[in-house]
Amino acid sequence: MSTFMFKHKDLEYTPVSNIFIDKYMSKANGDQIKVYLLGLRYCLSGEIGINSASISSVLNLNENEILAAWNYWNNLGVITVNPIDSLGNYSIEFLNLNKLPDQEAAQSTVSLISEELENNSIKDMMQDIEKLLGRPLSNKEMTMYLSWQKDFNYTPEIILLLIQYSLSKGKTDYRYIETIAIAWHDAKIRTIDDAQTFIKKHEDKWLNIKKILKYLGIQNNDVMKPQQQILEKWINVYKFPLDVIYKACDICFERINKADFKYIDAILNNWFKSNIKTLEDIEKKDKPKTSFKKNNFYGNNNNKDTFNNYEQRSYNYDELEKKLLGWDIND
Numbered sequence: 001m002s003t004f005m006f007k008h009k010d011l012e013y014t015p016v017s018n019i020f021i022d023k024y025m026s027k028a029n030g031d032q033i034k035v036y037l038l039g040l041r042y043c044l045s046g047e048i049g050i051n052s053a054s055i056s057s058v059l060n061l062n063e064n065e066i067l068a069a070w071n072y073w074n075n076l077g078v079i080t081v082n083p084i085d086s087l088g089n090y091s092i093e094f095l096n097l098n099k100l101p102d103q104e105a106a107q108s109t110v111s112l113i114s115e116e117l118e119n120n121s122i123k124d125m126m127q128d129i130e131k132l133l134g135r136p137l138s139n140k141e142m143t144m145y146l147s148w149q150k151d152f153n154y155t156p157e158i159i160l161l162l163i164q165y166s167l168s169k170g171k172t173d174y175r176y177i178e179t180i181a182i183a184w185h186d187a188k189i190r191t192i193d194d195a196q197t198f199i200k201k202h203e204d205k206w207l208n209i210k211k212i213l214k215y216l217g218i219q220n221n222d223v224m225k226p227q228q229q230i231l232e233k234w235i236n237v238y239k240f241p242l243d244v245i246y247k248a249c250d251i252c253f254e255r256i257n258k259a260d261f262k263y264i265d266a267i268l269n270n271w272f273k274s275n276i277k278t279l280e281d282i283e284k285k286d287k288p289k290t291s292f293k294k295n296n297f298y299g300n301n302n303n304k305d306t307f308n309n310y311e312q313r314s315y316n317y318d319e320l321e322k323k324l325l326g327w328d329i330n331d
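Quick look at the structure:
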C-alpha cells in the first residue's frame, strides 16, 4: 500500500487553474481527473498525506488505477512525483500551471510518446523500467529511452540491462543512467553480449580497485578522479598483480607510516621501468650483490676447518678428576 505526501498550502477551498480546465481536463479520462482533483483538495486543505487505500475508498479505484493517474499527470508536467523510499511511498507536488514553460511543446511530446506506446514492445519496456525504478517515469525520461532506440540503435533488452546495471550501483537518477548509456555507445556496445562483456571487464577492474582501497584502509569506494586514474594505471597499463601492488603499499607504510598514492605510484613506476613484474623479481632486485665465502675471515684453506687442524690429545678422565679433588695425595 502506497502513501502520497503533499507539499501544500492550507486553504478552505480548492482552486483549480483555468489552464487545467482549458488545456488538460478535456484530454484526460474520468479517473485521471478524479485523482488529480481529490489530490489537489487534500494538498490545499492541509493534509500531510494520504494513502492509496483512502483514495480507493473515496473514488472507487484500485491502486494500479490510482498510480496510473498520478503517472499520467507527472508525464504531462502538471505535477512532480518522486519516490521517498523503496516501500512505494511518494512525494507529490502540484505545480503552478501558469508558470509551466512551452505548454504546446509539452503537449506535442506527450502525443509523440502516446504514439510510441502503441507499440507493445515499447510499452512493455517502459512498464518494466517503472517496475525496476519503483516509480512512474517522467516525460523526459521516456523521451530519453526512446531516443536511445533511434540514436544508439539500442534494443529494449539492452536498455533494461543498462537500467539494472545502474541500479546495482545504487543509482536511480536518470542523468547517471544517461551517462552510462553514452559510455556504452562510445564503447561500441551494440548487443547484449557486448554489454555483458563490458560489464564483466568493468566490474573486474572495480573489484580490484576496491581490494586495493581496502588494503590501504580506505573504506569509501568513491575515490576522486585523479586517484581512480592512478589505480587504473597500476591495473590496466602496468598490469601489476595485486600482490605486487600490496608490496608497494607495504613499503610506503614502512617508510612514511601512511597511505600516499603518489609515493606508491613512484615505487610502481620504478618497478615498471625496471621490468619488475612479480614478488620474486622484487626479491632479486633487493638482494645484496656482494657475497662472502664462508672461510674468507679465517684463511683460504678450503679443505679443513682451522680448529680441526690442532692435534687432538687423549686424557685419562678418572685420573684428572682425582687430581682436581686432591684424592691422589692419599694414594
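Just so we're aligned, residue 1 is where the sequence shown starts under UniProt numbering, counting upward by one.
All C-beta atoms in this analysis are idealised placements derived from N, C-alpha and C, irrespective of residue type, glycine included.
Please report the residue range of the alpha helix (DSSP H) in which residue i lies.
i: N60; result: Segment: none, N60 is in no alpha helix (DSSP H) and carries neither H nor E.
i: L133; result: 120-133
i: I282; result: 279-286
i: N208; result: 192-215
i: M224; result: Careful: M224 lies outside any alpha helix (DSSP H) and carries neither H nor E.
i: T155; result: Premise fails: T155 is in no alpha helix (DSSP H) and is neither H nor E.
i: K273; result: 261-273
i: T143; result: 139-147
Is it buried or exposed for residue i, if we count other Cβ within 10 angstroms and need 16 for buried?
i: N301; result: Its pLDDT being 49, under 50, N301 is placed unreliably in this model, and the value from its coordinates should be taken loosely. By the 10 Å Cβ count, N301 comes out exposed.
i: A266; result: exposed
i: M142; result: buried
i: G30; result: exposed
i: K34; result: buried
i: residue 333; result: The structure shown does not extend to residue 333, since the chain is modelled only from 1 through 331, so no value can be given for it.
i: G217; result: exposed
i: M125; result: buried
i: residue 371; result: Because the chain in this structure spans residues 1 to 331, residue 371 falls outside the shown range and cannot be described.
i: G46; result: exposed
i: Y176; result: exposed
i: G170; result: exposed
i: I21; result: exposed
i: P136; result: buried
i: K27; result: exposed
Do residue i and the ligand GTP come close, with the Cβ less than 7 Å from some heavy atom?
i: I159; result: Questions concerning the ligand GTP fall outside what the structure shown contains, since it holds no ligand whatsoever.
Mind checking who residue i pairs with in its DSSP beta bridge?
i: P83; result: Y90
i: F4; result: I50, Y90
Return helix, strand or coil for residue i, following the three-state DSSP convention.
i: Q219; result: coil
i: N295; result: Below a pLDDT of 50, predicted positions are generally treated as unreliable, and N295, at 46, falls in that range; the measurement from the model is reported next regardless. The answer is coil: DSSP assigns N295 none of H, G, I, E or B.
i: I19; result: helix
i: N29; result: coil
i: V244; result: helix
i: I189; result: coil
i: I276; result: coil
Checking 8 Å against the spacing of the C-beta atoms, do residue i and residue j come in under that value?
i: E116; j: I122; result: yes
i: S56; j: N62; result: yes
i: I158; j: I192; result: yes
i: L161; j: A195; result: yes
i: Q227; j: F261; result: yes
i: N96; j: Y90; result: no
Counting contacts by CB-CB distance shorter than 8 Å, is residue i in contact with chain D?
i: Y215; result: Absence of chain D from the displayed structure is noted, only one protein chain being present.
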